[in-house]
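S.K.: Have a look at the structure that comes next, please.
Residue numbers (the UniProt record's numbering): 1 to 135.
Put into structure tokens, the structure is as follows:
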């Protein structure tokens, strides 16, 4: 069974897949906060309000070409949805490849996304240390 909270998150992802910035922004509240914690390649950033949401997604859609964007798991509890996934983009500026694994945490308040927080890494398996290394 799909919850009301999940329906909002799914709608946002549908609009992102369609590259419909206005549709994405409509799924966020006026006082929304988007926090991107950054990776080894992309710097951390914080955006507030619908204008901030628009800035965040305009950059993602206009500066990067999507090779893949996979949502691999959804975890729902109350008004929160945690999404695990991975992505591969190509920069329009220099054709560099950006591959990330990520966790996105969404909070929905009064039928709109009020907070989105993303934790990501661009480290590839062969770059990991520890006793398992790149395994």
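Cβ atoms here follow ideal geometry from the backbone N, Cα and C, with glycine treated the same way.
The structure displayed is predicted, hence computed values, not measured ones.
Measure the beta-carbon distance from residue 82 to residue 103 and round it to whole angstroms, keeping in mind my assumption that it falls under 8 Å.
M.R.: For the purposes of this step, residue 82 is identified with residue 82 of the chain shown, where counting begins at 1. For the purposes of this step, residue 103 is identified with residue 103 of the chain shown, where counting begins at 1. That pair is a contact at about 6 Å.
S.K.: Report yes or no: do three or more beta-carbon pairs, one from the region 47 to 61 and one from the region 71 to 82, lie closer than 8 Å?
M.R.: no
S.K.: Tell me the rounded alpha-carbon separation between residue 90 and residue 27.
M.R.: Here residue 90 is taken as the residue at index 90 of the chain shown, counted from 1. Here residue 27 is taken as the residue at index 27 of the chain shown, counted from 1. Distance between the alpha carbons of residue 90 and residue 27: 26 Å.
S.K.: Thinking just about the alpha-carbon of each residue, which of 42, 77 and 76 is nearest to the one in residue 63?
M.R.: Within the chain shown, numbered from 1, the residue matching residue 63 stands at position 63. For residue 63, the nearest C-alpha among the options comes from 42.
S.K.: For residue 79, tell me which candidate among 37, 24, 23 and 111 has the shortest Cα-Cα distance.
M.R.: The residue labelled residue 79 in the question sits at position 79 within the chain shown. The residue with the shortest Cα to Cα distance from residue 79 is 111.
S.K.: Return the chain-ordered ranges of every alpha helix (DSSP H) run that is complete within the region 9 to 53 and spans a minimum of 4 residues.
M.R.: 21 to 26
S.K.: Helix, strand or coil for residue 127 per DSSP?
M.R.: Position 127 of the chain shown, counted from the start, is the residue given in the question as residue 127. Reduced to three states, the DSSP call for residue 127 is helix.
S.K.: Assuming the contact rule is C-beta atoms closer than 8 Å, residue 24 and residue 15 should be a hit. Round their C-beta distance to whole Å, please.
M.R.: On the chain shown, residue 24 is found 24 positions in, with the first residue counted as 1. On the chain shown, residue 15 is found 15 positions in, with the first residue counted as 1. Contact holds; Cβ gap of about 4 Å.
S.K.: Could you tell me how far apart the beta carbons of residue 21 and residue 54 are, in whole angstroms, since I believe they sit closer than 8 Å?
M.R.: The residue labelled residue 21 in the question sits at position 21 within the chain shown. The residue labelled residue 54 in the question sits at position 54 within the chain shown. With a Cβ gap of about 6 Å, residue 21 and residue 54 count as contacting.
S.K.: Can the beta-carbon of residue 100 be found less than 9 Å from the beta-carbon of residue 39?
M.R.: Within the chain shown, residue 100 is the residue found at index 100, counting from 1. Within the chain shown, residue 39 is the residue found at index 39, counting from 1. Remark: C-beta atoms of residue 100 and residue 39 approach each other more closely than 9 Å.
S.K.: Straight-line CA distance for residue 10 to residue 126?
M.R.: Counting from one through the chain shown, the residue named residue 10 turns up at place 10. Counting from one through the chain shown, the residue named residue 126 turns up at place 126. Their backbone Cα atoms lie some 33 Å apart in a straight line.
S.K.: Using DSSP with H/G/I as helix, E/B as strand and the rest coil, what is residue 70?
M.R.: By one-based count along the chain shown, residue 70 stands at place 70. Strand at residue 70.
S.K.: Have a look at residue 109 and residue 98 and give me their C-alpha separation to the nearest angstrom.
M.R.: Your numbering for residue 109 matches position 109 in the chain shown. Your numbering for residue 98 matches position 98 in the chain shown. The straight-line gap from Cα to Cα measures roughly 32 Å.
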